[in-house]
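First up is the structure itself, then whatever we jot down about it.
Residue numbers (the UniProt record's numbering): 1 to 335.
Structure (C-alpha cells):
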C-alpha cells in the first residue's frame, strides 16, 4: 500500500514538473516570437457564410451589368428604367454587403465592422424592397392613367421619389451604429445579430405591409388588364386569340412575381417576429439565403426580360441585333 502511494506521488511530481517545464517553454516562445500555436491553428469557415458570399458575388455581378447597360444607353432614361436602375443599385449594394460581411467575420473582427456591415445590409435590402414597391406603383399608374401617365410621371418627379426613398433606407441603415444594437445586451438580440429584436420586428412588420400593398396593386393591375380585354372584345365583337393569350400571360407573370417575392422574404420576416438569438443559427441561414436570392432574381424579372433592355444588351455584347429580334409594344404581359 505504501509502495503504491509513493509511486503515485512520484508520478504526480513528475507530471507537475513536466507541466511547469512546458509552461515555461510556452512563455519563452511567446516572448521570443509572435507566432503561436493558436495563430497557426486554421480558422474554421462556416459553409453557410461561404454560400452567402458567393450569392453576394453573383448579385453584384448581375446588377453591375444592369447598371452599366442603363448608364451607357441614352434611350433608357424613362421613369421606368430609372426605377429599375435604382433597384439594381440597391441589389448591388446588398451583394457588396454580403461580401463585406464575410470579410469582416473572418478578417476584420471588430464591433465597428459588425455595425457597418449590418447597417449596409439593412439599408440595401430595405431599398431593394422599397424599389420593388415603387416599380409596382409605377406599373399600376401606367395602366390606370394610361393617357396622362407620360405627362404626370416626369423624370424629375421620379428622382424626387427616389431621394426620399433612399433617405429613409439610409436612416434605417444608420440605426445600428446609432445605438439600436444588442452588443451590450445579448438578451435583446434578434436572429440577425447585432440587430435588436424590436428593430427586427419593426422591419418585419414593415415588409409585410409592403407585401400587402404590392399584392393589392397587382390585383388591381389584373382587373384593369381584364377590363381592357373586355372593352376590346365589345368593340370588335370578339376577343382575338393573341390578345387573350397576352392577358393570360400577364396574369401569369404577375403571379410569378408575387410568388417569388413571397417565397424569398416572408420566411425571414415571420421567423424574425417569433425567434431570437437563442434559436439555432441554421434556421437563420435557411431563411436569410432565400431573401438574398431575391436580389439574384430581380434582374431577370425587371431588366433582362424587357425588350428595350434586351436590345441594348445585344448591342453591348456583340455589337448587333439578331435578325429575329423585334421590339413589340408593351402589353399586360410586360407588367
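Where is the CB? At the ideal position from N, CA and C, for every residue including glycine.
Only a predicted model underlies this, so the values are computations on that prediction, with no experimental measurement involved.
Identity of the residues DSSP links to residue i by a beta bridge
i: residue 195; result: 181
i: residue 189; result: 196
Burial state of residue i (16 or more Cβ within 10 Å)
i: residue 303; result: buried
i: residue 71; result: exposed
i: residue 56; result: buried
i: residue 256; result: exposed
i: residue 213; result: exposed
i: residue 209; result: exposed
i: residue 5; result: Confidence in residue 5 is poor, its pLDDT being 37 and thus under 50, which makes the residue's placement unreliable; the coordinate value appears in the next sentence. With fewer than 16 Cβ atoms within 10 Å of its Cβ, residue 5 is classed as exposed.
i: residue 318; result: exposed
i: residue 44; result: exposed
i: residue 259; result: exposed
i: residue 184; result: exposed
i: residue 35; result: In this predicted model, residue 35 has a pLDDT of only 42, less than 50, meaning its place in the structure is not dependable enough to derive any value.
i: residue 145; result: exposed
i: residue 38; result: Its pLDDT being 42, under 50, residue 38 is placed unreliably by the model, and nothing is read from it.
i: residue 187; result: exposed
i: residue 94; result: buried
i: residue 172; result: buried
Proximity to residue i [Cα-Cα], best of the options
i: residue 194; options: 84, 100, 111; result: 111
i: residue 122; options: 204, 85, 80, 74; result: 204
i: residue 177; options: 124, 120, 145, 149; result: 120
i: residue 218; options: 94, 143, 157, 48; result: 143
i: residue 312; options: 53, 47, 73; result: 73
i: residue 170; options: 132, 125, 155, 69; result: 125
i: residue 149; options: 278, 253, 80; result: 80
i: residue 50; options: 102, 66, 96, 87; result: 102
i: residue 164; options: 181, 113, 131; result: 131
i: residue 137; options: 158, 147, 151, 117; result: 158
i: residue 47; options: 306, 308, 281; result: 281
i: residue 75; options: 318, 201, 309, 314; result: 309
i: residue 88; options: 128, 188, 253, 316; result: 128
i: residue 134; options: 118, 113, 114, 160; result: 160
i: residue 251; options: 277, 267, 215, 263; result: 215
i: residue 96; options: 64, 181, 283; result: 64
i: residue 196; options: 146, 206, 179; result: 179
i: residue 166; options: 226, 85, 54, 315; result: 85
i: residue 139; options: 172, 314, 254, 100; result: 254
i: residue 54; options: 78, 100, 77; result: 100
Proximity below 8 Å, CB of residue i to CB of residue j
i: residue 141; j: residue 153; result: yes
i: residue 52; j: residue 98; result: yes
i: residue 279; j: residue 191; result: yes
i: residue 116; j: residue 92; result: no
i: residue 199; j: residue 175; result: yes
i: residue 261; j: residue 211; result: yes
i: residue 273; j: residue 156; result: no
i: residue 90; j: residue 104; result: no
i: residue 277; j: residue 189; result: yes
i: residue 265; j: residue 294; result: yes
i: residue 291; j: residue 283; result: no
i: residue 269; j: residue 207; result: yes
i: residue 316; j: residue 69; result: yes
Taking one C-beta from the segment 284–300 and one from the segment 50–64 each time, how about it: are there three or more such pairs within less than 8 Å?
yes
Any chance the segment 280–296 sits against the segment 213–230, with 3 or more Cβ pairs inside 8 Å?
no
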